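Residue numbers (this note's numbering): 37 to 325.
We put the beta carbon where it would ideally sit given N, CA and C, even for glycine.
These figures come from a predicted structure and were not determined experimentally.
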Amino acid sequence: MIKELLSTISEIPTPDIVVQQIISTASNPNASAKDLEKVIAMDVGLSTKILRLVNSAYYGLPRKITKLSEAIVIVGFKTVRNLALSVFTYSALHSKHTFIDHDKLWSHFMTTAIFSEHIAKRIGFMNREEVFLAGMMHDVGKIALDLVFPVYTYELSKLSQEKQTPFFLIEYKCRVEDHMELGGELLKLWKFPDEYVSVAQYHEKPSLNPDSPYIEMICIVHLANVFSNIFMPGYSLSYGSPYLDPLTFNVLGMKPGDLKVMFHELERVFERSRDMIYGGVQDEAGIQA
């Protein structure tokens, strides 16, 4: 029932024409930096926000970038695409006032994206920009759930806090369609490629689909999501000890002892990324710490 509603409920935003053109242009191997710059320049506010994110400490650029053309050349097409979708995701979260803290939820999205990229780099996974975007969009089902059923979403999160049980397990115990199913359906509706749909569907428990062709990406985002929930408990609407699927170790070639080392690595990444994680894209005057 909820899946059917997604295609008809007006509260669910869709990527606007500029964002769609950015995705298309960034995916075109024949497109130039100038082509992408022209598309982004159609939206002055978006241009400003992308430049602000590019200049965050996370990217560690030696000087301030003031032109889109420079940003595209220096950080790459796909990174600029990811930042544009980050801005869209922030806007989608803030399209309607509900009972939850949307800034915290967006920070969870961004932290999971950043952690996903770091884990991918650590294990030698090549498509890091794709993993970043998958991490950014992994919990998009919670946007749909919150916008369509705000009281229900708030009550689920409240129950998660009271029981100190992860959000997705509360959904499972309630025997309702969960945010993973909804996220997958929403990304299909937005015409995202299959790998992002799969991450949205299985990021809480990769072993539900161990033979997925995208299982490595799913496990990377799963692990990033676990760490994100440890670093910022409750920001994802989920409380209690995060569930870590044992399949993750086999797929990513890790041992339990590696988690401690990775935790300390991510502490440094987290500190370096604070302006991205907590700043958001809401203020044209600059990123707020």
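Selection from the options that minimises the alpha carbon distance to residue i
i	options	result
D294	H174, I159, M173	I159
R310	F151, K70, K74, F185	F151
M172	P278, K70, L119, P246	L119
E307	L72, I59, Y95	Y95
S83	P98, S63, E106	E106
V116	T125, L104, S127	L104
E231	N245, Q56, D247, M253	M253
Q57	P98, H239, F124	F124
H239	D182, L280, G270	L280
I48	Q237, P229, D182	D182
Q197	I206, L169, Y275, V297	Y275
E191	G81, R88, C255, T134	T134
I256	M268, L225, M290	M290
V54	V167, L121, N245	L121
P246	A67, F204, K70, P282	P282
F267	K85, V305, L225, K241	V305
V167	I86, A67, P229	P229
Cβ-based burial, residue i [other Cβ within 10 Å; buried from 16]
i	result
L259	buried
G219	buried
M162	exposed
A77	exposed
G177	buried
R211	exposed
A180	buried
D319	Confidence at D319 is low in this model, with a pLDDT of 49, below 50, so its placement is unreliable and no value can be given for it.
T50	exposed
P202	buried
P249	exposed
G315	buried
T102	exposed
S60	exposed
S277	exposed
E303	exposed
Q200	exposed
V233	buried
Y188	exposed
S127	buried
D214	buried
A321	Model confidence at A321 stands at a pLDDT of 34, short of 50, so the residue's coordinates are unreliable and nothing is read from them.
H138	buried
N261	buried
K157	exposed
K227	exposed
A93	exposed
C-beta neighbour in chain B for residue i, strict 8 angstroms
i	result
L283	No chain B is part of this structure, which consists of one protein chain only.
The alpha helix (DSSP H) enclosing residue i, as first and last residue numbers
i	result
D182	176–184
M172	164–173
G315	310–315
L283	283–288
I59	53–62
D71	69–76
Assumed close pair residue i, residue j - CB separation to whole angstroms, cut-off 8 angstroms
i	j	result
S264	H154	S264 to H154, Cβ: 11 angstroms. No contact.
S272	D175	6 angstroms
V90	V111	6 angstroms
A62	K114	6 angstroms
Proximity test, residue i beta-carbon vs the ligand ATP heavy atom, cut-off 7 angstroms
i	result
V55	In the structure shown, the ligand ATP is absent, as is every other ligand, since no ligand is present at all.
Quick one: which unbroken alpha helix (DSSP H) runs of 4-plus residues sit fully inside the stretch 199–278? Chain order, please. DSSP runs (the alpha helix (DSSP H)) wholly in the stretch 199–278: 203–210, 215–225, 230–238, 251–267.
Unbroken alpha helix (DSSP H) runs of length 4 or more, entirely within the stretch 81–147: which are they? 104–111, 113–129
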